[in-house]
Amino acid sequence: MVDFSDFDTRGYPTVDVRTGYAGWVDTYEQTVEDAMDLAVLDRLDTPRWAEVRRAADLGCGTGRTGAWLRGRAGAGLVLDGVDLTPEMLARAEARGAHDGLTEADVADTGLAAGAYDLVVSSLIDEHLADLGPYYREAFRLARPGGHCVLVGLHPYFIMAAGMPTHFTGADGADVAITTHVHLVSDHLAAGLAAGWTLVEMREAVVDEVWIALKPKWAKYRSHPVSAAYVWEKR
């Protein structure tokens with residue numbers, strides 16, 4: 001197992017996921033760039049978003065991914081969201097993209113088994129100490145023929161930048177949220193062990209769009225920054 005502490009160059013004080021996202025909620029939307037995750041989802045060939053009729057958004061946060069998905073699936077979509085942090089769920093509720101919202105761990109959602117065409121998660125895997133429980137729960141939720149799409153930070157970028165997921169608190173101090181490094185092979189091993197079949201994978205690199213957003217990232221030009229995994233339940 002790769003330990004993020006071997007790469008950490010920031011040394012920020014670190015808090016757990018629920019505490020961190022509760023503290024980040026007011027500025028989260030202004031901090032996270034669509035290029036990190038939504039732009040990667042846009043480039044996927046699978047699934048056919050417009051054909052998704054029931055989806056589970058695990059780690060739904062403020063509802064960014066849910067709103068994106070509703071914009072592509074249309075009015076017929078039934079969308080359930082799950083998140084660990086009440087403050088993030090309150091923002092998602094205000095956004096209105098989800099039909100139901102549940103406060104729960106993504107590895108133990110309490111949602112109905114075999115009920116979903118799609119299980120989708122964005123920017124959560126670095127907070128999971130073990131990928132296995134997530135992939136097993138997603139498999140339980142998906143119907144036969146359904147898909148799981150997970151997009152997040154590329155492990156290479158986390159290691160090269162030495163930067164944990166973090167935010168600036170109300171007092172102006174930077175705070176890290178518990179961050180784990182999962183190699184691409186870790187995702188493949190966990191997904192396959194849970195019963196999934198990998199049908200697509202995309203990797204995004206730091207390009208001119210990213211450098212325009214974050215000029216300090218010019219030194220990471222052409223380095224992998226995001227990865228998306230698309231699984232099918234066969």
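First residue of the sequence shown? That's 1 in UniProt numbering, and the numbers climb one at a time after it.
Ideal placement from N, C-alpha and C gives every residue a C-beta, glycine not left out.
Being a predicted model, the structure only gives us computed values, none of them experimental.
Annotation: the continuous beta strand (DSSP E) that includes A56 extends over 54-58. Setting aside the 5 residues that flank it on each side, W49 is surrounded in the same chain by R72, A73, each with a C-beta closer than 6 Å to its C-beta; the list follows chain order. Within the model, the alpha-carbon separation for V175 versus R234 is close to 42 Å. A contact between stretches requires three or more CB pairs, one per stretch, nearer than 8 Å, and the stretch 186-195 meets this requirement with the stretch 134-145. Cβ-Cβ distances below 7 Å link Y12 to P164, H166, D174, V175, A176 in the same chain, with the five nearest sequence neighbours on each side left out; the list follows chain order. Our two residues, E51 and A170, have alpha carbons roughly 42 Å apart in a direct line. In this structure D42 does not touch H98 by the C-beta definition: roughly 20 Å separates them, more than the 8 Å allowed. Around the beta carbon of G96, a 10 Å sphere encloses fewer than 16 other beta carbons of the protein chains shown; the residue is thus reported as exposed.
By the beta-carbon neighbour count (other beta carbons within 10 angstroms, threshold 16), L69 is buried.
Considering only T178, A75, K214, A161, the residue with the shortest C-alpha distance to A129 is T178. Assigned with DSSP and collapsed to three states, F4 falls in helix. Under the 10 Å beta carbon count, E208 is surrounded by fewer than 16 other beta carbons and is classified as exposed.
For H147, there is no enclosing alpha helix (DSSP H); the residue is part of the beta strand (DSSP E) that begins and ends at 142-153.
Under a 10 Å Cβ-count criterion, T85 is classified as buried, with 16 or more other Cβ atoms of the shown protein chains found around its own Cβ.
Distances from the CA of D34 to each of F7, G114, K219, R64 were compared; the closest alpha carbon is that of R64. Within the stretch 124-207, the runs of beta strand (DSSP E) that reach at least 3 residues and sit entirely inside it are, in chain order, 142-153, 166-168, 174-177, 197-205. Straight through space, the alpha carbons of K214 and H223 are spaced by roughly 14 Å. Contact between P47 and L141 does not hold, since their C-beta atoms are separated by about 15 Å, which reaches or exceeds 8 Å. Within the DSSP secondary-structure output, P224 pairs in a beta bridge with V205. In the DSSP assignment, T65 falls within the alpha helix (DSSP H) that extends over 64-73. In this model, A92 and Y220 are separated by some 33 Å (Cα to Cα).
One alpha carbon belongs to V106, the other to D8, and they sit about 26 Å apart. With a threshold of 16 other beta carbon atoms within 10 Å, M36 meets it and is buried. Of the candidates V2, T27, S185, L77, the residue whose Cα lies closest to the Cα of G172 is T27.
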